[in-house]
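Step one of this worksheet: look at the structure below.
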Amino acid sequence: RLRTENRLLRQRIEHLEQESSALADRLIQGQVVRAQEAEDNYIIKRELAALRQQELTVQQELQKANNQIKELHQAQTQPSSLDSQTEDLLKSLQDELVAVKLREAEGQEAMRSLRQRIHELEEENKRLREATPDDSVATLQEELIAVKLREAEANLSMKELRQKVADLQAAWEKHRSENPHQSDNQSTPSRWSGNKSQVNQLQEELMTARLKEADATAELRELRQRVMELETQNQVSLNQIRRQADEIAKYQQMSDKVLEKERELQSLVQDEARKITNLESQMKEERMNARIREVEHTQIIAEMKQKISSLEIKNQELLTAGQLRGSTESEEVKELQDKVSDLKAEVMQLQIMNKRLSSALAVARLRQPDAQKVGVAAASGPLSSSPPLTLVGGLSRSTSLVEDSVTEQLLQLGLELSVSQHPAKQPKLSNGEL
Numbered sequence: 001r002l003r004t005e006n007r008l009l010r011q012r013i014e015h016l017e018q019e020s021s022a023l024a025d026r027l028i029q030g031q032v033v034r035a036q037e038a039e040d041n042y043i044i045k046r047e048l049a050a051l052r053q054q055e056l057t058v059q060q061e062l063q064k065a066n067n068q069i070k071e072l073h074q075a076q077t078q079p080s081s082l083d084s085q086t087e088d089l090l091k092s093l094q095d096e097l098v099a100v101k102l103r104e105a106e107g108q109e110a111m112r113s114l115r116q117r118i119h120e121l122e123e124e125n126k127r128l129r130e131a132t133p134d135d136s137v138a139t140l141q142e143e144l145i146a147v148k149l150r151e152a153e154a155n156l157s158m159k160e161l162r163q164k165v166a167d168l169q170a171a172w173e174k175h176r177s178e179n180p181h182q183s184d185n186q187s188t189p190s191r192w193s194g195n196k197s198q199v200n201q202l203q204e205e206l207m208t209a210r211l212k213e214a215d216a217t218a219e220l221r222e223l224r225q226r227v228m229e230l231e232t233q234n235q236v237s238l239n240q241i242r243r244q245a246d247e248i249a250k251y252q253q254m255s256d257k258v259l260e261k262e263r264e265l266q267s268l269v270q271d272e273a274r275k276i277t278n279l280e281s282q283m284k285e286e287r288m289n290a291r292i293r294e295v296e297h298t299q300i301i302a303e304m305k306q307k308i309s310s311l312e313i314k315n316q317e318l319l320t321a322g323q324l325r326g327s328t329e330s331e332e333v334k335e336l337q338d339k340v341s342d343l344k345a346e347v348m349q350l351q352i353m354n355k356r357l358s359s360a361l362a363v364a365r366l367r368q369p370d371a372q373k374v375g376v377a378a379a380s381g382p383l384s385s386s387p388p389l390t391l392v393g394g395l396s397r398s399t400s401l402v403e404d405s406v407t408e409q410l411l412q413l414g415l416e417l418s419v420s421q422h423p424a425k426q427p428k429l430s431n432g433e434l
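Structural data, given as structure tokens:
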């Protein structure tokens, strides 16, 4: 009986341990569920914050779009005259801007070319100053000096010849004025004049021939001098023509460059005009897109408001459900913790009682062999001996008392276990009976 009761008590202890482990598992699961709910609440709060931020950005964009729409409405509500004036003003300003940019570009290009030209001329001047003259330049300088000297000599000889011719003409005039008859006779010669008159006439003719020769030589020298002057002028003019041709070629190159730049600038102006037209078309498209975006934004804002309201409702529901779950789970956890502590105390009590019962059974088993030995000795002895009989009776009573106490303790333990399991159904004891 004691063994069966001990086995039952062990089974009960194992059952209680299983229940305590199950309660511990439930407690851990409850903590895990609460942690997951807290994490879900944090995620929901973060999503709500992101949605609010997105709503703020959408509201800002909507405000900007509304401002643009108001501006466009105001611009549209203005009279057409103002629109035409503004368009004319814009066109004139654009034309002025293009002209100013062109003038600025031309001025910058001219300044750049002039600076480059000044730099080149300075370098060329510096190089010419520092460099020694070439052979051609030296020969030209020598030829120029020789020409100048020849010209001076020719001028001097011409002056001398002219002076001599003037002297001869003066002497001849003086001679003719001194001999007028001879001159008359000479002017009207006759065949019957004498030899003297012929000699005089021949001398006069020779003199006139010499004078003419002197005049001719003077004229020849003058002509030669004139030819030399003309040759030098021709050389100078050829050099000037060569330099002018070089300058013309340079100016032609510069004009070609200017024409190319003008073509480039015209192409740039055309590109700018195309860009302006493209910008105007883009502005019109952007206006249309802004209107479309405004409509879309209004739709998105309405949808976002609906989503926000639904999310707020869900968040409120989750918060209320979490609060309810937290309150119910906290009460259940407290009850389970109390039950676990009670069960642990009962298990300790049962273990102590089991130890006590095992010790009592061991004592009873030790006492039963002693009682049997005493009974055998009493049977072998005389019948009149009373002390052994009293000893046997005392031992039997003691064993019966021990058994009664053990049974009472077992019954009390069963009652306590039943009360702990079913506190509502409390047993009633009347005279030691259930």
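For the sequence shown, counting from 1, position 44 maps to 44 in full-length UniProt numbering; every step adds exactly one.
In this text, a Cβ means the ideal position worked out from N, Cα and C, and glycines have one as well.
Identity of the residue in the options nearest residue i by Cα
i           : options            : result
residue 149 : 22, 219, 225       : 225
residue 61  : 343, 350, 294, 211 : 294
residue 350 : 155, 4, 13         : 13
residue 229 : 155, 40, 63, 344   : 155
residue 206 : 15, 172, 243       : 172
residue 157 : 119, 96, 223       : 223
residue 38  : 344, 360, 321, 64  : 321
residue 232 : 151, 19, 358       : 151
residue 204 : 238, 234, 168      : 168
residue 211 : 250, 170, 245, 247 : 170
residue 18  : 353, 344, 354      : 344
residue 214 : 202, 119, 160      : 160
residue 117 : 354, 251, 279, 313 : 251
residue 336 : 11, 20, 4          : 20
Beta-carbon separation (whole angstroms), residue i vs residue j, contact threshold 8 Å
i           : j           : result
residue 315 : residue 44  : 6 Å
residue 301 : residue 94  : Rounded, the Cβ-Cβ distance is 38 Å, inconsistent with contact.
residue 8   : residue 346 : Wrong, their Cβ atoms sit about 14 Å apart, outside the cutoff.
residue 318 : residue 41  : 7 Å
residue 297 : residue 100 : Not a contact, Cβ separation roughly 40 Å.
residue 361 : residue 2   : 6 Å
residue 102 : residue 259 : The Cβ separation is near 15 Å, so there is no contact.
Contact test: residue i Cβ vs the ligand NAD heavy atom, cutoff 6 Å
i           : result
residue 212 : Annotation note on the ligand NAD: not contained in the displayed structure, which lists no ligands.
Between the region 160–176 and the region 213–228, do three or more beta carbon pairs fall short of 8 Å?
yes
Three CB pairs or more closer than 8 Å across the region 55–72 and the region 277–292:
yes
Please determine if the region 257–272 and the region 24–43 are in contact, where contact requires at least 3 C-beta pairs separated by less than 8 Å.
no
Count the C-beta pairs between the region 42–49 and the region 296–307 that are closer than 8 Å, then say yes if the count reaches three, no if not.
no
Contact between the region 17–28 and the region 339–356 is defined here as three or more beta-carbon pairs at a separation below 8 Å; is this criterion met?
yes
Determine, using beta-carbon pairs with one atom in the region 275–285 and one in the region 99–114, whether at least three such pairs fall under 8 Å.
no
Please list the segments of the beta strand (DSSP E) lying wholly inside the region 1–27, counting only runs of 3 or more residues, in order along the chain.
none
Could you tell me which uninterrupted beta strand (DSSP E) segments, each at least 3 residues in length, are contained entirely in the region 204–244, listed from first to last along the chain?
If we require 3 residues or more, the region 204–244 turns out to have no beta strand (DSSP E) run fully inside it.
As an exercise, report each continuous beta strand (DSSP E) stretch of at least 3 residues that is fully enclosed by the region 309–356, in chain order.
Counting only runs of 3 or more, we get nothing.
Just to confirm the assignment: which complete beta strand (DSSP E) runs, minimum length 3, are found wholly within the region 246–313?
none
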